[in-house]
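Participant: Be aware that the sequence shown starts at -18, since it is given in the numbering used here, and climbs by one per residue. My questions will all concern the structure given below.
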Amino acid sequence: MSRMSRTSYSITNKSALMEIRTSPPPILEEDDKKYQILHFSHPQHTLLQITLPSLFTCMGCKEFGAGNRFKCLQCDFELHEFCAMAPPSLKSHSLHSQHSLIFFTKPVKGGNLRSSCDVCSKSIKGYAFRCSTCNFSMHPCCAQLSWEMNFPVHAHNLKLLSSTMSATGDSDFFCYECKRKRSGRVYRCGVCDHYHLHAVCAKNMVNGLYVNGIKAPENPSKFGKVVGVASHVILGLVGGLLESIGEGVGEALFDTMR
Ligand SMILES: [Zn+2]
Ligand SMILES: [Zn+2]
Ligand SMILES: [Zn+2]
Ligand SMILES: [Zn+2]
Ligand SMILES: [Zn+2]
Ligand SMILES: [Zn+2]
């Protein structure tokens, strides 16, 4: 694949993923920072990079999002920015640095590949990064998390506890965000020892829900239509997308959160 000019295609406003904006204005026209792409999972229409405050279900990973997205202007098809821009592989991601991770477009049934995410423990229903060597799998949204991060809900940096600590100490953790017992990995503040945050709750701070004041609906079936996209999904890696927007953009998007 020929490498296209990075400067003309780079996504300049990457910090927006963690920026706190209470009411982002809808951007309805294309400017030099917005992109129209033809995505392999929805080849019939072009998708526009757009910021809307409303909740949506990403047709790639089947998880919620708000704010930044790629949206079809002719039908309901929407993708997270990080799903639309997902690179074919991630090398030395901070949550699984020992092996490289491969982008998959559909859940794997059977075999030894997990059907739930090793970070948030929720099931994987669409796009995922999976380890080429071991069983590790995670949602594209969870790939936006890193082992040490600052979240808008707490003043100090939080560090992700090891998976064994998260599992064995489950009942002792009190998540300040949901105040509930949930499975999955857990962040802890290194300064105030008592502050914990589930990775699944931290996700809402990287998928746009938190900054747009949206609580994730508990029952996904009550929101949106997730079914009916299978016929549009073309199996395979994101080669087509990368050809159209230039190699390196997707990886750059994932680099920002490390
Ligand atoms: Zn997605
Ligand atoms: Zn469409
Ligand atoms: Zn996950
Ligand atoms: Zn691995
Ligand atoms: Zn929580
Ligand atoms: Zn703290």
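Beta carbons are placed, not taken as given, at the ideal position from N, Cα and C, and that holds for glycine. Remember, predicted model here, so these are calculated numbers, not experimental data.
#1: Could you please give the first and the last residue of the uninterrupted alpha helix (DSSP H) stretch that includes Val167?
#2: Three or more C-beta pairs under 8 angstroms: does that hold for the segment 51 to 59 against the segment 68 to 77?
#3: Are the segment 37 to 44 and the segment 97 to 114 in contact at 8 angstroms, needing three or more beta carbon pairs?
#4: Compare the Cα-Cα distances from Cys112 to each of Ser78, Leu29 and Arg169 and report the closest residue.
#5: Give every residue of the same chain whose Cβ lies closer than 8 angstroms to the Cβ of Met134, excluding the five residues on either side of it in the sequence, and list them in chain order.
#6: Determine the direct distance from the alpha carbon of Cys173 to that of Phe117, and round the result to whole angstroms.
#7: Can the beta-carbon of Phe84 be found less than 7 angstroms from the beta-carbon of Glu59?
#8: So if I measure from each beta-carbon to every heavy atom of ligand 6 and keep distances below 7 angstroms, which residues remain?
#9: For a test of the three-state rule: what should DSSP assign to Ala183, helix, strand or coil?
#10: Return the chain-ordered list of same chain residues with a C-beta closer than 8 angstroms to the C-beta of Phe155, the five sequence neighbours on each side being excluded.
#11: Using the C-alpha atoms, what's the distance from Arg166 back to Lys184?
#12: Once you ignore the five residues that flank Ser81 on each side, which residues in its own chain have a CB closer than 7 angstroms to its CB?
#13: Taking the CB atoms as reference points, tell me whether Tyr16 and Gln30 lie closer together than 7 angstroms.
#14: If I follow the unbroken alpha helix (DSSP H) through Phe63, where does it start and stop?
#15: In angstroms with no decimal places, state the Cα-to-Cα distance between Ala197 and Cys115.
#16: Give the residues whose C-beta lies closer than 7 angstroms to at least one heavy atom of ligand 4, in chain order.
Facilitator: On the basis of the coordinates in this document:
#1: Looking at the DSSP string, Val167 is not in any alpha helix (DSSP H); the run it does join, the beta strand (DSSP E), is Val167 to Cys170.
#2: no
#3: yes
#4: Ser78
#5: Here the sequence assigns Val to residue 134, which means Met is not the residue at that position. Taken in chain order, the residues that qualify are Tyr157, Glu158, Leu178, Met186 and Tyr191.
#6: 30 angstroms
#7: no
#8: His135, Ala136, His137, Cys170, Val172, Cys173 and Tyr176
#9: helix
#10: His175 and His177
#11: 11 angstroms
#12: Ser70, Leu71, Lys72 and Ser113
#13: yes
#14: Glu62 to Ala65
#15: 31 angstroms
#16: His77, Gln79, His80, Cys112, Thr114, Cys115 and Phe117
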